[in-house]
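Numbering (our numbering), first residue to last: 502 to 785.
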């Protein structure tokens, strides 16, 4: 009898341990352009579409929802030989149309010799986004603040029409501000790129906030932060300018998770940076 009780007890403990280890915290739904912050037990491995996602020592991970995402996301976590999956429902977002006129023709339709330069600029940014990943979520403790106090004139995801020609959707937000206005780091991070005179982006700065979450600031007048510097939230890192493809002084701030651009404005609400509540914690 004692042996039977011991066996039952062992089974219950084992089952409980597996359930605990496989717990995966995710929101039930998200919009196009959202940042999904999830949590799994430490040492868990997370996959999206068969690709492994960076996970911090404490089990945090992030996923960017593309602007064009139309299907739900299936996210899986594995610990040892055990696996659990959850579906995050993706909701459509109504995007705006933004018209920008008065741009120099060479910036709307670059000459052939400029296309090589643009390609090289884009490859540089893409390489940083894919390779420079700090293993911890530096942004979780203090969240995000705006990089400057100004009026937003261009929103994320809007269909852009430049001089009457449809172009790719806007991948960030634009703040109108006077030339020389200080730009601060919106969250703690590490400077990964300081680039001067890119053809379309002008003077460009990229900051790694951890787990693949990256800020990019373009059209800058000057950059005071150095490559490799660790910067704190609120620290001045650059000044507003009108370099690259710009009709006037302003700041473009973009946020990406790997190669996926998401809406920076939604990160200004700290609630969007908290993993979905764990039912076990609610019971305690």
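Note that CB positions come from ideal geometry on N, CA and C, so glycine has one too.
Measuring alpha carbon to alpha carbon, tell me which residue in the options is nearest residue i.
i, options, result
"residue 733", "689, 669, 582 and 750", "689"
"residue 558", "547, 687, 565 and 568", "547"
"residue 704", "736, 549, 740 and 735", "740"
"residue 556", "635, 663, 573 and 625", "635"
"residue 633", "569, 686, 729 and 773", "729"
"residue 550", "572, 540, 530 and 542", "572"
I'd like to check one pair, residue j with residue i: are the Cβ atoms closer than 8 Å?
i, j, result
"residue 584", "residue 527", "no"
"residue 738", "residue 677", "no"
"residue 757", "residue 630", "yes"
"residue 563", "residue 713", "yes"
"residue 718", "residue 751", "no"
"residue 715", "residue 708", "yes"
"residue 760", "residue 672", "no"
"residue 626", "residue 655", "no"
Residues bridged to residue i by DSSP?
i, result
"residue 542", "Paired residues: none, contrary to the question."
"residue 666", "663"
"residue 651", "According to DSSP, which records beta bridges pairwise, residue 651 is partnered with nothing at all."
"residue 645", "Its beta-bridge partners do not exist; DSSP assigns none."
"residue 561", "540"
"residue 577", "548 and 586"
"residue 526", "540"
Taking residue i and residue j to be in contact with their CB atoms under 8 Å, please state how far apart those CB atoms are, rounded to whole angstroms.
i, j, result
"residue 720", "residue 679", "No, residue 720 and residue 679 are not in contact; Cβ-Cβ is about 13 Å, not under 8 Å."
"residue 609", "residue 537", "Actually they are not in contact, since the Cβ atoms of residue 609 and residue 537 sit about 35 Å apart, beyond 8 Å."
"residue 591", "residue 533", "7 Å"
"residue 727", "residue 766", "With 8 Å as the limit, residue 727 and residue 766 do not qualify as a contact, their Cβ atoms being about 28 Å apart."
In chain order, which beta strand (DSSP E) runs of at least 3 residues are fully inside the stretch 703 to 785?
-> 703 to 709, 714 to 724, 737 to 741, 751 to 758 and 761 to 763
Within the stretch 592 to 642, note down every full beta strand (DSSP E) run reaching 3 residues or more, in order along the chain.
-> 598 to 601
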